[in-house]
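Residues in the sequence shown are numbered from 9 upward in steps of one, following this note's numbering. Step one of this worksheet: look at the structure below.
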Amino acid sequence: MKPPRDLADTLELHLQYLDRYRDIIEKKLVGLSDSDLRSSRLPSGWTPLELLKHLIFMERRWLRWGFTGEQVEHPWGDSADDPDGPWTVEAGDTLKGLLVQLHAGGEFTRSVVAGEDPATVAAAGGRFTTDNRPTLNWILFHVLQEYARHAGHLDVARELADGATGE
């Protein structure tokens, strides 16, 4: 569901749109066969499960490792710990398990953002060690655009897989 048009609280607007895109991502993936989830129909070669795992780790990198400065193991775990590497999934990764992680990441984001000023600068010591740390507002906007862009990618992948279209 789209956030109400009169919502003026910037952080809540970001959070509601992030929730919306997580739901869109889930709807695009549910109903695909395991084969369609683990194979690509695109020249770039990414699979829908790889994209889902990328979104999980992307949000984790920006909020847990980035904004809070928490030390995390394998921050680039969606790409074999190589920030420029291709997205990967393990044999044991399942749609159900990855969706649980996706929504848990959303709950973490909501808990971290609660009561914060959007101008709060990310902590040093995690992802950011320089004086050029982004604000919470910048991070949330970046995470939102990642979700929106990749939801569009899944629109194409789903249509190629079984013809389903729409949000």
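Beta carbons: idealized from backbone N, C-alpha and C, even for Gly. Quick caveat, the model's predicted, so the values are computed rather than measured.
DSSP-derived helix/strand/coil call for residue i
i	result
Val120	helix
Thr143	strand
Val129	strand
Trp73	helix
Arg166	helix
His111	helix
Gln153	helix
Own chain partners of residue i with C-beta closer than 6 Å, once the 5 adjacent residues on each side are dropped
i	result
Ser43	none
Closest residue to residue i among the options (Cα-Cα distance)
i	options	result
Gln109	Asp86, His22 and Pro91	Asp86
Leu19	Val151, Pro126 and Leu152	Pro126
Leu107	Gly77, Asn145, His62 and His150	His62
Gly160	His22, Ile33, Trp146 and Pro12	Ile33
Leu168	Asp17, Arg13, Val38 and Arg49	Arg49
Leu60	Val164, Leu103, Arg13 and Phe116	Leu103
Trp54	Gln79, His82, Ala172 and Val164	Val164
Asp17	Gly171, Ala122 and Leu162	Ala122
Cβ-Cβ separation, residue j to residue i (assumed contact under 8 Å), whole Å
i	j	result
Arg141	Val129	5 Å
Leu40	Pro56	6 Å
Phe75	Val38	Not quite, the Cβ-Cβ distance comes to about 30 Å (not below 8 Å), so this is no contact.
Gly105	Arg30	With a Cβ gap of about 15 Å, Gly105 and Arg30 do not count as contacting.
Close Cβ partners of residue i (< 7 Å) along its chain, the five nearest in sequence each way excluded
i	result
Ala88	Thr96
Gly93	Ser87
Sequence-distant residues of its chain with Cβ nearer than 8 Å to residue i (five each side left out)
i	result
Gly77	Ala130, Ala131, Ala132, Gly133, Gly134, Arg135 and Phe136
Leu15	Leu21 and Gln24
Validate contact between the region 131–147 and the region 23–30 using beta carbons, cut 8 Å, 3 pairs:
no
Counting Cβ pairs closer than 8 Å, one from the region 140–155 and one from the region 43–61, do we hit at least three?
no
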